[in-house]
Structures are given as C-alpha cells and as structure tokens.
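Student: Numbering-wise, the sequence shown is residues 398 to 834 according to this note's numbering. Backbone N, C-alpha and C fix where the C-beta goes; we use that ideal spot for every residue, glycine too. Quick one: the structure is below, and I'll ask about it shortly.
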Amino acid sequence: MRTKFLLIIVCFVFVSVAISSCLDSDTQYEFSSDATVHTFALDTIHGKKYKFEIDQIQRLIFNRDSLPMDADTIIDSIMIDTFSVYGYIVSGPQDTLLDISNAQDLLPAASASGMTFRIYAPDNLTSRTYTLQINIHKEDPDSMSWVRMTSAPIVNTPEGLKAVTLNDDLLIYPSGKEVYTVSTIPPSSDGYNHYGVNLPEDVVLGSIINVGDGLMANTKGGDVYTSNDGIQWERSEALSGNIISLLAYLPANDVSVTSPTLCAIQKDEADGRLYFCSTDTSATGWTQGEEVPTDFPVRDLSSTLQTTSNGLFQIFLVGSPDTASEQTTPWVSMDGLTWVDLYTETGYCPPLATPYIIGYDDALYILGGDMSQAYTSDTGGIVWEEADSKFWLPEEFVSNGSSYTIVHDRNDFIWVIWAGEGTNVIWRGCMNKLKKF
398 MRTKFLLIIV CFVFVSVAIS SCLDSDTQYE FSSDATVHTF ALDTIHGKKY
448 KFEIDQIQRL IFNRDSLPMD ADTIIDSIMI DTFSVYGYIV SGPQDTLLDI
498 SNAQDLLPAA SASGMTFRIY APDNLTSRTY TLQINIHKED PDSMSWVRMT
548 SAPIVNTPEG LKAVTLNDDL LIYPSGKEVY TVSTIPPSSD GYNHYGVNLP
598 EDVVLGSIIN VGDGLMANTK GGDVYTSNDG IQWERSEALS GNIISLLAYL
648 PANDVSVTSP TLCAIQKDEA DGRLYFCSTD TSATGWTQGE EVPTDFPVRD
698 LSSTLQTTSN GLFQIFLVGS PDTASEQTTP WVSMDGLTWV DLYTETGYCP
748 PLATPYIIGY DDALYILGGD MSQAYTSDTG GIVWEEADSK FWLPEEFVSN
798 GSSYTIVHDR NDFIWVIWAG EGTNVIWRGC MNKLKKF
C-alpha cells in the first residue's frame with residue numbers, strides 16, 4: 398500500500414551505473430519524459446473510498462464527492478494510499494522527496510488551499526507541477542441550518558395567524574383584511590409589502606390553502622373564496638354552500654390518471670351530517686364521499702403531500718387533538734373522499750397544540766406545541782419518534798409564544814412566523830443538503 402518512491406530513485410541509479418559500465422560509451426539510451434500523475438487515492442475514510450480525478454490540462458487532483466465534515470477531525474490519520482508516477486515526486490520549497498508513508502501531515506493544507514507537488518520524469522529533465530485539492534463538506538448535509546430573519550411585520554394577532562407561499566412569495570395574514578408579502582428567494586427583503594385584502598369578516602384564516610397556481614379559503618358561513626394573487630379574492634358560486642373546511646389539494650397524477658382535486662368537508666343539507674367531498678378542475682360542484690368520523694380533527698388543520706413508491710399521492714393531515722387525547726393522530730387519504738386514521742398504541746406523536754405536518758426529505762415531520770421538539774416518521778406516519786439532533790429547533794422557539802404559523806416553501810425552506818404582543822419573529826430553516834441557494 399505504501400509505495401516507496403525512494404526505491405524508484407535507487408533502482409534508477411543502479412541501472413544507470415550498470416549500463417554505463419557494461420556497454421559501449423557511444424551507445425545512447427533515451428529515458429521517458431512522462432511526468433504525469435497516473436492514479437491517486439486516499440485510504441478509506443469511515444470505511445468508504447472516495448474517488449479522485451486528475452485533470453491533466455489544469456494539472457489538478459481533486460475529489461468531486463466531498464469528504465464528510467468530520468473528516469477534518471481525523472485528517473491527521475488519513476494516509477495517501479496511491480500516488481502513481483513513472484518518475485519521482487517532490488514537494489515543498491526545497492523540492493523534498495515525498496515519502497507517502499509519512500505524507501499525512503500534508504493533507505490539512507491540501508483540504509484548505511491546495512498542496513502542490515512536482516513530478517520529475519525518469520529523464521530527470523521533464524517536470525510538471527500538480528495541485529492536490531481535497532474537498533471536505535463545510536457543514537453536515539443532514540443537519541438543519543436556521544436563520545433568524547432581520548425583520549418581521551409588526552402585528553398583534555394572538556387569536557389567529559396564517560402564512561402560505563404563492564410561487565416564490567411568502568404571504569402572512571394577520572387577518573382577512575390585510576396581508577404582508579416578501580420574497581422567499583435570498584436575499585429576502587427587509588421591507589415587507591403591505592396590502593389590503595377583501596376577504597369577508599368570517600373567513601377562517603387557517604383554511605387558506607394552495608390550489609394550483611392560486612389560493613382558496615372558506616368562511617364560517619360555508620362559502621369558498623378564490624384568489625390568484627392572495628390580495629384580491631372572489632366568491633366561488635359553484636363551490637360555496639355548507640363548506641365546513643377546505644382540507645387539501647391533490648395535483649394531477651399521471652400514474653393514477655387523475656385530474657387536480659380539491660378536498661373538503663361539507664354539511665349535507667338533507668340530513669345535516671358532515672361528509673368528505675372533492676371537486677376536480679371543472680369546479681362546478683362537489684362529489685360526496687364518506688361521512689366524517691366523530692374523532693376527525695376540526696381545529697388548526699395542517700396537511701402535506703407525499704408520493705408513494707409506485708408514484709401515487711397521499712395526503713397526510715393533522716389538527717389540534719382533544720384535551721383528553723394522548724397523541725396527535727395523523728389521518729391519510731389518497732382521494733379526499735375516504736380518510737383513515739393512523740392511531741397507534743405505541744410509537745405515536747404526543748398531543749401538540751396547533752400542529753403542523755410537513756413532508757420533508759422523504760420523511761414526515763410534525764412541529765407544534767411549545768416548539769421544543771420536532772417529531773418524525775419514516776414509516777408513512779405509522780410510527781413516530783423524536784427527531785434526532787440533526788433536525789434541531791432553536792432554543793428561542795420555546796420563548797416566542799404560541800401564536801405562530803409554519804409553512805414549507807417549494808425550495809425546501811421551512812418558515813416559522815410568530816406574531817403577538819411583544820413578539821414578531823420569523824425564522825427560516827433548511828436541511829443543508831437541500832439548500833438551493
């Protein structure tokens with residue numbers, strides 16, 4: 398494993414002496430002028446081999462897949478496994494012959510600004526200088542990074558607050574009469590735009606959901622309102638009437654060959670009971686589904702979408718549990734007409750006031766309550782556990798109060814917005830490996 402380049406030189410000297418003493422002095426021999434690096438490799442790091450590429454034009458040796466962030470804590474024990482040339486290698490200002498069995502101390506410099514080596518060909522005349530650049534992750538790709546935004550709208554809404562995203566804008570509704578908007582694309586503006594909104598007095602702020610390229614909301618009186626920009630709203634004549642709550646939106650799916658679908662709960666005029674219902678893009682009326690179970694959540698609803706292994710969509714929904722409940726129970730549906738609870742005797746999420754469910758990095762997460770701990774499931778919502786320390790929540794979350802709203806934008810940033818007396822704070826977080834900017 399440890400090639401000794403000193404042996405190359407020694408052998409070269411012995412061969413030269415032997416040739417000069419045994420052959421006619423008029424005979425000329427040509428030695429190779431190859432001064433290129435042929436292969437380079439490090440020892441395994443955490444049991445894994447990392448491939449190094451050699452750019453012969455720029456004379457650069459580098460790894461495309463960065464070493465783990467914690468490799469810099471063990472870098473002094475990482476050895477060069479292979480450094481193949483036809484001649485010999487020197488390094489440093491004095492052209493010191495490189496002995497790779499003792500080259501580990503060079504690696505910290507190689508991971509910082511790069512380390513240079515000069516390769517001499519067997520002819521002892523031709524040489525090339527290469528730079529070794531070892532790339533190491535500067536942050537754990539599976540960890541969350543949180544940033545407190547420099548400003549937030551000054552509003553006092555202890556009883557209600559709703560945030561949604563529309564395209565690349567964040568919209569914050571402290572009421573149905575106003576909205577604050579800001580871009581979700583960094584650098585986010587410190588100056589929030591403020592607009593008047595024409596939603597009715599009895600709008601249910603928590604019902605505002607994304608539907609295609611627009612928004613929808615329902616009122617306590619059972620009407621449905623639609624908007625293309627989140628500012629100007631219009632009553633939907635076709636969909637209004639006895640709507641208790643909008644639940645979720647299912648995009649079109651090529652696998653199931655289904656159109657975009659809006660899911661809701663509607664009160665039947667004939668029997669006075671509540672039923673799940675849905676409508677497609679025609680939005681000319683509702684299709685009635687199963688009767689809503691008595692234990693289905695009715696307050697602080699939050700939903701998210703996940704794709705199954707065979708390409709189908711699933712809606713997961715949670716709401717504030719009853720005071721006597723021992724868990725926050727997710728419900729799941731594939732069409733909005735039939736819902737199944739994921740109640741379990743063990744491995745459940747504890748009861749959280751105002752819970753938010755988020756599909757994130759191929760798993761489900763629930764945040765809520767005092768915001769001290771996130772809970773996660775990688776079993777499709779069946780078994781829940783405390784999220785590990787990598788999906789951490791800042792300690793400041795706990796002291797910010799209970800008037801908050803959470804939204805997950807299309808660039809995988811999670812926004813947590815607080816608004817209340819003395820507390821107007823916005824945090825933005827993202828898993829490092831999911832960052833796009």
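Taking 7 Å as the threshold (C-beta atoms), are Thr528 and Thr513 in contact?
Tutor: Stepping through the sequence shown from its first residue, residue 513 is reached at position 116. Stepping through the sequence shown from its first residue, residue 528 is reached at position 131. Yes, they are a contact pair.
Student: Under three-state DSSP, which class holds Phe437?
Tutor: As a working note, residue 437 is residue 40 in the sequence shown. Strand.
Student: Would you please state the rounded distance, in angstroms, between the beta carbons of Pro550 and Leu558? I believe it to be under 8 Å.
Tutor: Here residue 550 refers to the residue found at position 153 when the sequence shown is read from its first residue. Here residue 558 refers to the residue found at position 161 when the sequence shown is read from its first residue. Going by Cβ atoms, the distance from Pro550 to Leu558 rounds to 10 Å, so no, they are not a contact pair.
Student: Using DSSP bridges, identify the partner residues of Lys832.
Tutor: In the sequence shown, counting from the first residue as 1, residue 832 sits at position 435. Paired residues: none, contrary to the question.
Student: Alpha carbon to alpha carbon, how far is Pro694 from Val715? Give it in angstroms, no decimals.
Tutor: Along the sequence shown, one-based indexing puts residue 715 at 318. Along the sequence shown, one-based indexing puts residue 694 at 297. Cα to Cα, Val715 sits roughly 7 Å from Pro694.
Student: On the three-state DSSP scale, how would you describe Asp759?
Tutor: Position 362 of the sequence shown, counted from the start, is the residue given in the question as residue 759. Three-state result, Asp759: coil.
Student: Any idea which residues DSSP pairs Tyr708 with across the strands?
Tutor: Taking the sequence shown and counting its residues from 1, one reaches residue 708 at position 311. Just to set this straight, residue 708 is Gly in the shown sequence, not Tyr. In DSSP, Gly708 forms no bridge with anything.
Student: Residue range of the beta strand (DSSP E) that Asn607 falls in?
Tutor: One-based indexing of the sequence shown puts residue 607 at position 210. Looking at the DSSP string, the run of the beta strand (DSSP E) that includes Asn607 is Ile606 to Val608.
Student: What three-state label does DSSP hand Met768 in the structure shown?
Tutor: Within the sequence shown, the letter at position 371 stands for residue 768. Looking at Met768 - three-state DSSP - the assignment turns out to be coil, as it is neither helix nor strand.
Student: Just the C-alpha distance for Ser786 and Ala771, rounded to the nearest angstrom, thanks.
Tutor: To locate residue 786, count along the sequence shown from 1; it is residue 389. To locate residue 771, count along the sequence shown from 1; it is residue 374. Those two C-alpha atoms are separated by around 10 Å.
Student: With distances taken between CB atoms, is the gap from Val576 to Gly618 smaller than 7 Å?
Tutor: Your numbering for residue 576 matches position 179 in the sequence shown. Your numbering for residue 618 matches position 221 in the sequence shown. No; because the gap between Cβ atoms is not below 7 Å, this pair is not in contact.
Student: Just how far apart, CA to CA, sit Asp677 and Trp728?
Tutor: Numbered from 1 along the sequence shown, position 280 holds the residue referred to as residue 677. Numbered from 1 along the sequence shown, position 331 holds the residue referred to as residue 728. The straight-line gap from Cα to Cα measures roughly 21 Å.
Student: Going by DSSP, what residues sit across from Gly603 in a beta bridge?
Tutor: The residue labelled residue 603 in the question sits at position 206 within the sequence shown. According to DSSP, Gly603 bridges with nothing at all.
Student: Nearest-angstrom Cα distance between Asn397 and Glu631?
Tutor: Look at the range of the chain in this structure, 398 to 834, and you will see that residue 397 is not part of it.
Student: Give me the Cα-Cα distance between Arg364 and Thr526, rounded to the nearest whole angstrom.
Tutor: Past the boundaries of the shown model lies residue 364; the chain is included only from 398 to 834, so the question cannot be answered.
Student: To the nearest angstrom, how far is it from the Cα of Thr562 to the Cα of Gln685?
Tutor: The residue you call residue 562 lines up with position 165 of the sequence shown. The residue you call residue 685 lines up with position 288 of the sequence shown. Thr562 and Gln685: Cα-Cα distance of roughly 29 Å.
Student: Give the secondary structure of Val822 by DSSP, where H, G and I count as helix, E and B as strand, and everything else as coil.
Tutor: In the sequence shown, residue 822 corresponds to position 425, counting from 1. Strand.
Student: How would you call Gly819, buried or exposed, if buried means at least 16 neighbouring beta carbons within 10 angstroms?
Tutor: Counted from its first residue, the sequence shown places residue 819 at position 422. Exposed is the call here.
Student: Which value, in whole angstroms, describes the spacing of the CA atoms of Ser717 and Thr655?
Tutor: Taking the sequence shown and counting its residues from 1, one reaches residue 717 at position 320. Taking the sequence shown and counting its residues from 1, one reaches residue 655 at position 258. About 31 Å.
Student: Excluding the five sequence neighbours on either side, which residues of its own chain have a C-beta within less than 7 Å of the C-beta of Thr493, listed in chain order?
Tutor: Taking the first residue of the sequence shown as 1, we reach residue 493 at position 96. Val487, listed in sequence order.
Student: Quick check on this structure: which residue in Ser481, Tyr447, Leu602 and Asn590 has the alpha carbon closest to the alpha carbon of Leu644?
Tutor: The residue you call residue 644 lines up with position 247 of the sequence shown. Leu644 has its Cα closest to that of Leu602, out of Ser481, Tyr447, Leu602 and Asn590.
Student: Just reading off the beta strand (DSSP E) that Trp736 is part of, what are its end residues?
Tutor: Residue 736 sits at position 339 when you count from the first residue of the sequence shown. Trp736 -> no beta strand (DSSP E), and no H or E assigned at all.
Student: With a cut-off of 8 Å on the beta carbons, I'd call Ser542 and Cys746 a contact; round off their distance for me.
Tutor: Position 145 of the sequence shown, counted from the start, is the residue given in the question as residue 542. Position 349 of the sequence shown, counted from the start, is the residue given in the question as residue 746. That belief does not hold up - the Cβ atoms of Ser542 and Cys746 are roughly 24 Å apart, past 8 Å.
Student: Do the CB positions of Ser430 and Ala507 come within less than 7 Å of each other?
Tutor: What you label residue 430 is simply residue 33 of the sequence shown in a count that begins at 1. What you label residue 507 is simply residue 110 of the sequence shown in a count that begins at 1. It is not a contact, given that the beta carbons lie outside the stated cut-off.
Student: Between the alpha carbons of Thr640 and Gly682, how many angstroms are there, rounded?
Tutor: For the purposes of this step, residue 640 is taken as the residue at position 243 of the sequence shown. For the purposes of this step, residue 682 is taken as the residue at position 285 of the sequence shown. This sequence places Ile at residue 640; Thr is not what is there. Those two C-alpha atoms are separated by around 11 Å.
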